[in-house]
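What follows is a single structure, written as structure tokens, with notes after it.
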Amino acid sequence: MINLLNLNLVELEMIPSKRLYLLLLLGMVVAPVIAILFDQQISLMALALFDVIICSLAVWDGATVKPHRVKLARYPLDKLSIGRDNHITISVESGKHRANIILHDDYPPEFATSSTTLSAIVEPNSSQELTYHVNPDKRGEFQWGNIRARQLGQWGLAWQQWQVPASQQVAVYPDLLGLRSLSIRLSLQNTGTMRQKRRLGMGTEFSELRE
Numbered sequence: 016m017i018n019l020l021n022l023n024l025v026e027l028e029m030i031p032s033k034r035l036y037l038l039l040l041l042g043m044v045v046a047p048v049i050a051i052l053f054d055q056q057i058s059l060m061a062l063a064l065f066d067v068i069i070c071s072l073a074v075w076d077g078a079t080v081k082p083h084r085v086k087l088a089r090y091p092l093d094k095l096s097i098g099r100d101n102h103i104t105i106s107v108e109s110g111k112h113r114a115n116i117i118l119h120d121d122y123p124p125e126f127a128t129s130s131t132t133l134s135a136i137v138e139p140n141s142s143q144e145l146t147y148h149v150n151p152d153k154r155g156e157f158q159w160g161n162i163r164a165r166q167l168g169q170w171g172l173a174w175q176q177w178q179v180p181a182s183q184q185v186a187v188y189p190d191l192l193g194l195r196s197l198s199i200r201l202s203l204q205n206t207g208t209m210r211q212k213r214r215l216g217m218g219t220e221f222s223e224l225r226e
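For the sequence shown, our numbering assigns the number 16 to the initial residue and increments by one for each residue that follows.
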């Protein structure tokens, strides 16, 4: 069994969702209609009240994520190889509620990657593994950072954002598997070339004998 890193959660932050912006925009669209039917002052008061209610619900929605935040763990990073797609896996475990999440792993900026963000919808009381690839182009020691996570509230009005401390020093080495594979191919090619030369040599000798 893979020993997962013990990670704590820090830096709570609320982020408005697209649904919240759409509701606020809807209020601005309805306000002129109310002004025509009733009064401009009533329209402004209704719009202000609507905005306060929606924003309050968004704050509440984001805050209620905390007891149901997903548990995140990056699998321990082994030695990475130059010029290869190295698999990076993050384990996600949900609580009693369905979790809509977006993750960003702070990989070294020098690396090419298959995806800058990971997203998933995790069913209640279940786990899921999210994988992406990094492709280093030089050897050395590199610093991996934290995991940044966002989880959408149950009403879809706000995201709760936090960071998971997961910094780690990672070593990048030449692609030993690739070098071994290349060595085997070259060895086979050399063996085939030598056999071909021997056959050609034998054919020449027999031709000379026949003459």
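Beta carbons are placed, not taken as given, at the ideal position from N, Cα and C, and that holds for glycine.
Close Cβ partners of residue i (< 7 Å) along its chain, the five nearest in sequence each way excluded
i, result
"GLU26", "Residue placement at GLU26 is poorly supported in this model, since its pLDDT is 42, which falls under 50; the coordinates still yield a value, given next. Closer than 7 Å at Cβ, skipping near neighbours: TRP177, GLN178."
"SER11", "Lying before the first or after the last residue shown, residue 11 is absent from the chain, which here runs from 16 to 226."
"LEU24", "With a pLDDT of 36 at LEU24, under the threshold of 50, the modelled position of this residue cannot be trusted; read the value that follows with caution. Contacts found: ARG84, TRP177, VAL179."
"ASP66", "LEU39, GLY42"
"PRO123", "PHE157, GLN158, TRP159"
"SER32", "LEU167, GLY171, LEU172, ALA173, TRP174"
DSSP state of residue i mapped onto helix, strand, coil
i, result
"TRP75", "helix"
"PHE65", "helix"
"ARG118", "The question names Arg, but residue 118 is Leu in the sequence shown. If DSSP states are grouped into helix, strand and coil, LEU118 belongs with the strands."
"GLN169", "coil"
"SER134", "strand"
"LEU194", "Any reading at LEU194 must be qualified, since the residue scores a pLDDT of 48, below 50, and its modelled position is unreliable; the value itself is stated next. DSSP places LEU194 in helix when its eight states are reduced to three."
"SER58", "helix"
"MET29", "strand"
Pick from the options that is closest to residue i, judged by C-alpha positions
i, options, result
"PRO189", "LYS81, ILE30, LEU95", "LEU95"
"ASP93", "GLU156, GLN169, VAL74", "GLU156"
"VAL149", "GLN143, THR132, VAL137", "THR132"
"SER141", "TRP75, LYS86, ARG99", "LYS86"
"VAL48", "TYR36, ALA61, LEU37", "ALA61"
"HIS112", "ASP100, GLU125, PRO82", "PRO82"
"ASP100", "PHE126, ALA78, SER106, GLY171", "PHE126"
"VAL187", "GLY98, GLY171, ASN115", "GLY98"
"TRP174", "SER134, ASP76, ILE57, PRO91", "ASP76"
"ALA63", "ASP54, ASN115, ALA46, GLN169", "ALA46"
"TYR36", "ILE51, LEU59, ALA73, GLN169", "ALA73"
"ILE69", "ARG34, TYR90, ALA88", "ARG34"
Expected contact under 8 Å - CB spacing of residue i and residue j to nearest Å
i, j, result
"ILE103", "ASP120", "7 Å"
"LEU166", "VAL80", "Checking the sequence shown, residue 166 turns out to be Gln, not Leu. With 8 Å as the limit, GLN166 and VAL80 qualify as a contact, their Cβ atoms being about 5 Å apart."
"PRO139", "SER109", "6 Å"
"ARG154", "LEU118", "Actually they are not in contact, since the Cβ atoms of ARG154 and LEU118 sit about 28 Å apart, beyond 8 Å."
"SER134", "TYR147", "That pair is no contact at about 11 Å."
Range of the contiguous beta strand (DSSP E) that encloses residue i
i, result
"ILE97", "Where ILE97 is concerned, there is no enclosing beta strand (DSSP E), given that its DSSP letter is neither H nor E."
"VAL80", "Unbroken run through VAL80: none, as it is neither H nor E."
"LEU92", "Looking at the DSSP string, LEU92 is not in any beta strand (DSSP E), and its letter there is neither H nor E."
"SER109", "Looking at the DSSP string, SER109 is not in any beta strand (DSSP E), and its letter there is neither H nor E."
"ASN161", "Careful: ASN161 lies outside any beta strand (DSSP E) and carries neither H nor E."
"ASN150", "142–150"
"ALA186", "183–188"
Range of the contiguous alpha helix (DSSP H) that encloses residue i
i, result
"GLY42", "33–52"
Below-8 Å beta-carbon distance, residue i vs any chain B residue
i, result
"VAL107", "Here there is only one protein chain, and chain B is not present."
Own chain residues within Cβ distance below 6 Å of residue i, not counting five before or after
i, result
"GLU144", "THR104, SER106"
"ASN115", "ILE136, LEU167"
"LEU197", "Unreliable placement is indicated for LEU197, whose pLDDT of 43 sits below 50; no coordinate value is reported for it."
"ALA50", "SER58"
"SER71", "none"
Close Cβ partners of residue i (< 8 Å) along its chain, the five nearest in sequence each way excluded
i, result
"GLN56", "none"
"ILE30", "GLY77, ARG165, ALA173, TRP174, GLN175, GLN176"
"GLU28", "GLN175, GLN176, TRP177"
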